[in-house]
Amino acid sequence: MKMSFEKVFFCTGARNHDLLKCFNEEKLKFEFDERVASFKALGLAKISSLPVAVCTTSGTAVAECVPAMLEAYYTEIPLILISGDRPKKLHGTGSPQTIHHEALTTSCRRTFIETDFKDLESLDLTGLEYPIHINVLVDDTVPHEMELKFHDALSSFAAFVSKVKKPLFVFSHENKSMRPFIEKFTGTKLSFYAETLSGGRDLSAIKTEKKLIELFNAGFFDSVVRIGHTPLTKIWRLLEKGPLPVYHFDSRNLPGLSFGEVLPLNSESLTQSNEFWKILEGLLPYPVADETIWRLDELIKKYPESEISFSQKLNNLISPDDFVFLGNSLIIRFFELTQTKNLKVFGNRGVNGIDGQLASAIGLAMGTNKTVHCILGDVTTFYDLSSLRDLPSNLRLIIINNKGGRIFDMLNLDKRIVLEHENDFKDIASGLKLSYSNDLSDFNKVQVLELMPLRTQSEAFLKEWQQ
Ligand SMILES: Cc1ncc(C[n+]2csc(CCOP(=O)(O)OP(=O)(O)O)c2C)c(N)n1
Numbered sequence: 077m078k079m080s081f082e083k084v085f086f087c088t089g090a091r092n093h094d095l096l097k098c099f100n101e102e103k104l105k106f107e108f109d110e111r112v113a114s115f116k117a118l119g120l121a122k123i124s125s126l127p128v129a130v131c132t133t134s135g136t137a138v139a140e141c142v143p144a145m146l147e148a149y150y151t152e153i154p155l156i157l158i159s160g161d162r163p164k165k166l167h168g169t170g171s172p173q174t175i176h177h178e179a180l181t182t183s184c185r186r187t188f189i190e191t192d193f194k195d196l197e198s199l200d201l202t203g204l205e206y207p208i209h210i211n212v213l214v215d216d217t218v219p220h221e222m223e224l225k226f227h228d229a230l231s232s233f234a235a236f237v238s239k240v241k242k243p244l245f246v247f248s249h250e251n252k253s254m255r256p257f258i259e260k261f262t263g264t265k266l267s268f269y270a271e272t273l274s275g276g277r278d279l280s281a282i283k284t285e286k287k288l289i290e291l292f293n294a295g296f297f298d299s300v301v302r303i304g305h306t307p308l309t310k311i312w313r314l315l316e317k318g319p320l321p322v323y324h325f326d327s328r329n330l331p332g333l334s335f336g337e338v339l340p341l342n343s344e345s346l347t348q349s350n351e352f353w354k355i356l357e358g359l360l361p362y363p364v365a366d367e368t369i370w371r372l373d374e375l376i377k378k379y380p381e382s383e384i385s386f387s388q389k390l391n392n393l394i395s396p397d398d399f400v401f402l403g404n405s406l407i408i409r410f411f412e413l414t415q416t417k418n419l420k421v422f423g424n425r426g427v428n429g430i431d432g433q434l435a436s437a438i439g440l441a442m443g444t445n446k447t448v449h450c451i452l453g454d455v456t457t458f459y460d461l462s463s464l465r466d467l468p469s470n471l472r473l474i475i476i477n478n479k480g481g482r483i484f485d486m487l488n489l490d491k492r493i494v495l496e497h498e499n500d501f502k503d504i505a506s507g508l509k510l511s512y513s514n515d516l517s518d519f520n521k522v523q524v525l526e527l528m529p530l531r532t533q534s535e536a537f538l539k540e541w542q543q
């Protein structure tokens, strides 16, 4: 970029990860809270009168910069927002963490530029009016030929099924539990993967995501049928790279991918549709032997202080009468991996922001007499610290403090964006007069339970699990 920045507040995320290369090391300041980072940038730009940038991942991260951008707009401060975005072909599809960035800053910027990542280097910002919003399209997908078709009748699904033999069925989540549908589906004997937010995780024929990915990579499936909103599973991202024919049942009429056939029906209407069940009769059941579950148990015994083992212990302790609210990113994945019970699980998976998660769980708890176990990562909890001032008595906050955003470790991204730290929440809880413990035996006895998995064990577990 032809511009010298006083500083770049780099807010960690996968989508803007590649943008790291564009900035000088000595100009970078790593952050996780975009609202705070953009106000810091504003303050620094105020005093230095030099352009200061805040760089974010996609989704709500961009929206979090709007308050500081508004202030910059009305005070004529040289603030620059640089957002990492998904490629154009995924815009408007409901693909993970993909929202309309351009629209978010219309009232708080004087310049908007959208550019491909490869053209960012040569971008000349001199003479432009502030605040500036630069949206960078980062493409990690392989171009492919499949198209997107929208349908209005189940006959299109019948045509799809007549051309395939071994579809993978994925049940993700909807605004209501998909359990009645999934219960009925088990009668077909067809193989399926049910995610934790579907409400039918315990019924899933394919028990672990590991098995799912193994089968997928081995070419076991010849197609995918997805029912519900955009799935969480990694398969979804793999599909965008090496596509199989996909049929989407999504009441929002969104494919969540750049291709596939879409019918806007939810699981409730499918449950009641004789035609749907009749079409499925055209498919022959194929059994899947899932031995990964034994391997999981072995590793849980071998590494009892690992994050996945803690997740399993929590699963065992939570009563099916209670509600669970799960945060991003490893939390929801590990919970899904170790869940064997019929639990009522919630989460914010519309655009996967880590912001406002504790507040959302508080709102949920306010609407029920049940106990809500809100399980969050340390970074996600830090993002929402002010919510700790007002925890309802039926909310139990469980913080899995693995000392940073460990999802980025798992994705093998630049270590700097993990934002490793040695902090804990003990004194914060005590300052706010909340009962606190860091011992799992106090489960359900305190309002804030902080669990600190052993890094070495978590890493050894994952190494063996991924073999
Ligand atoms: C508002 C927002 N900003 C940034 C991100 C990118 N992001 C995804 S996960 C994550 C780190 C989460 O860390 P933590 O809560 O500790 O969970 P862990 O990764 O350790 O499971 C970040 C920064 C996001 N999803 N939403």
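Here the sequence shown stands for residues 77 to 543, where the numbers follow the numbering used here. Using N, Cα and C, we set each Cβ at its ideal position, and we do this for glycine too.
Which residue comes first and which comes last in the alpha helix (DSSP H) that contains residue 177? Looking up residue 177 in the sequence shown gives position 101. First-last of the alpha helix (DSSP H) with residue 177: 177–180.
Indicate, with yes or no, if ligand 1 has a heavy atom lying under 6 Å from the CB of residue 88. Position 12 of the sequence shown, counted from the first residue, corresponds to residue 88. Yes, the beta carbon of residue 88 sits closer than 6 Å to at least one heavy atom of ligand 1.
Restricting to Cα atoms, I'd like to know which of 134, 489, 100, 125 is closest to residue 110. Position 34 of the sequence shown, counted from the first residue, corresponds to residue 110. The shortest C-alpha separation from residue 110 is found at 134.
C-alpha distance - residue 203 paired with residue 192, whole-angstrom precision: Start at 1 with the first residue of the sequence shown, and residue 203 comes out as number 127. Start at 1 with the first residue of the sequence shown, and residue 192 comes out as number 116. One C-alpha to the other measures close to 21 Å.
Taking the DSSP output, what are the residues bridged to residue 189? Position 113 of the sequence shown, counting from 1, holds the residue named residue 189. Residue 189 is bridged to 210.
Helix, strand or coil at residue 475 [DSSP, three-state]: Here the question's residue 475 lines up with position 399 in the sequence shown. Here residue 475 sits in strand by DSSP.
At which residues does the alpha helix (DSSP H) containing residue 373 begin and terminate? Residue 373 sits at position 297 when you count from the first residue of the sequence shown. From DSSP, the alpha helix (DSSP H) with residue 373 extends over 368–378.
For residue 306, tell me which candidate among 240, 386, 329 has the shortest Cα-Cα distance. Against the sequence shown, residue 306 aligns to sequence position 230. When each option's Cα is compared against that of residue 306, the closest is 329.
Residue 441 (DSSP reduced to helix, strand or coil): Start at 1 with the first residue of the sequence shown, and residue 441 comes out as number 365. Here residue 441 sits in helix by DSSP.
State yes or no: is the C-beta of residue 431 nearer than 6 Å to some heavy atom of ligand 1? What you label residue 431 is simply residue 355 of the sequence shown in a count that begins at 1. Flag set: Cβ of residue 431 near ligand 1.
Meets three-Cβ-pair contact criterion under 8 Å: the region 227–244 and the region 168–179: no
What is the rounded straight-line gap between the Cα of residue 287 and the Cα of residue 366? Numbered from 1 along the sequence shown, position 211 holds the residue referred to as residue 287. Numbered from 1 along the sequence shown, position 290 holds the residue referred to as residue 366. When rounded, the distance between both Cα atoms is 7 Å.
Residue from 238, 150, 222 with nearest C-alpha to residue 354: Numbered from 1 along the sequence shown, position 278 holds the residue referred to as residue 354. If we check each option's Cα against that of residue 354, 238 comes out closest.
Touching or not, the region 305–319 and the region 214–223, by the rule of three or more beta carbon pairs under 8 Å? yes
From the DSSP output, which residues share a beta bridge with residue 337? Taking the first residue of the sequence shown as position 1, residue 337 is located at position 261. Residue 337 is bridged to 225, 323.
Per DSSP, which one or two residues make a beta bridge with residue 448? On the sequence shown, position 372 is the one that residue 448 refers to. In the DSSP output, where bridge partners are listed per residue, residue 448 has 399, 471.
Burial state of residue 226, where buried means 16 or more other Cβ atoms lie within 10 Å: The count along the sequence shown starts at 1 and reaches residue 226 at position 150. Residue 226 comes out exposed.
Straight-line CA distance for residue 129 to residue 334? Position 53 of the sequence shown, counting from 1, holds the residue named residue 129. Position 258 of the sequence shown, counting from 1, holds the residue named residue 334. Cα to Cα, residue 129 sits roughly 31 Å from residue 334.
Identify the continuous alpha helix (DSSP H) that holds residue 302 and give its terminal residues. Start at 1 with the first residue of the sequence shown, and residue 302 comes out as number 226. Where residue 302 is concerned, there is no enclosing alpha helix (DSSP H), although the beta strand (DSSP E) it sits in stretches over 299–303.
On the DSSP bridge assignment, give the partners of residue 385 in chain order. As a working mapping, residue 385 is identified with position 309 in the sequence shown. Beta-bridge pairing links residue 385 to no other residue.
Residue span of the alpha helix (DSSP H) that contains residue 414, given as start and end: Counted from its first residue, the sequence shown places residue 414 at position 338. It spans 406–414 - the alpha helix (DSSP H) in which residue 414 sits, taken as one unbroken run.
Would you list the residues sitting across from residue 160 in a DSSP beta bridge? The sequence position of residue 160 within the sequence shown is 84, counting from 1. Answer by DSSP bridge pairing, in chain order: 212.
Contact between the region 444–456 and the region 145–156 is defined here as three or more beta-carbon pairs at a separation below 8 Å; is this criterion met? no
Taking the runs of the beta strand (DSSP E) that are 3 residues or longer, which of them lie wholly in the region 105–142? 128–132
Neighbour-count burial assignment, residue 294, 16 or more Cβ in a 10 Å radius: On the sequence shown, residue 294 is found 218 positions in, with the first residue counted as 1. Exposed.
Based on Cα-Cα distance, which residue from 376, 291, 264 lies nearest to residue 387? Taking the first residue of the sequence shown as position 1, residue 387 is located at position 311. The candidate whose alpha carbon is nearest that of residue 387 is 376.
Mind listing, in chain order, the continuous alpha helix (DSSP H) runs of no fewer than 4 residues lying wholly within the region 255–282? 255–262
Excluding five sequence neighbours on each side, which residues of the same chain lie with their C-beta closer than 8 Å to the C-beta of residue 490? By one-based count along the sequence shown, residue 490 stands at place 414. So the qualifying residues of the chain are 93, 96, 484.
Run of the alpha helix (DSSP H) containing residue 247, from where it starts to where it stops: Mapped onto the sequence shown, residue 247 falls at position 171. Note, residue 247: premise wrong, no alpha helix (DSSP H); beta strand (DSSP E) at 243–247.
Would you tell me roughly how many angstroms separate the C-alpha atoms of residue 170 and residue 164, rounded to the nearest one? What you label residue 170 is simply residue 94 of the sequence shown in a count that begins at 1. What you label residue 164 is simply residue 88 of the sequence shown in a count that begins at 1. Rounded to whole angstroms, residue 170 to residue 164 spans 12 Å at the Cα level.
Mark residue 78 as exposed unless 16 or more other C-beta atoms lie within 10 angstroms of its C-beta, in which case mark it buried. Here residue 78 is taken as the residue at index 2 of the sequence shown, counted from 1. Under this definition residue 78 is an exposed residue.
Please tell me whether, using a cut-off of 6 Å, the distance from the CB of residue 482 to the nearest non-hydrogen atom of ligand 1 is below it. In the sequence shown, residue 482 corresponds to position 406, counting from 1. Residue 482 Cβ: within cutoff of ligand 1.
Keeping to the same chain, check which residues put their C-beta closer than 7 Å to that of residue 118; ignore five residues upstream and five downstream. Here residue 118 is taken as the residue at index 42 of the sequence shown, counted from 1. The residues are 144, 147, 148, 153, 155.
C-beta contact flag for residue 247 and residue 274 at 7 Å: For the purposes of this step, residue 247 is identified with residue 171 of the sequence shown, where counting begins at 1. For the purposes of this step, residue 274 is identified with residue 198 of the sequence shown, where counting begins at 1. In this structure, residue 274 lies closer than 7 Å to residue 247 by Cβ.
Residue range of the alpha helix (DSSP H) that residue 344 falls in? Counted from its first residue, the sequence shown places residue 344 at position 268. 343–347 is the span of the alpha helix (DSSP H), which, as asked, contains residue 344.
Residue 98 (DSSP reduced to helix, strand or coil): On the sequence shown, residue 98 is found 22 positions in, with the first residue counted as 1. Of the three classes helix, strand and coil, the one that applies to residue 98 here is helix, per DSSP.
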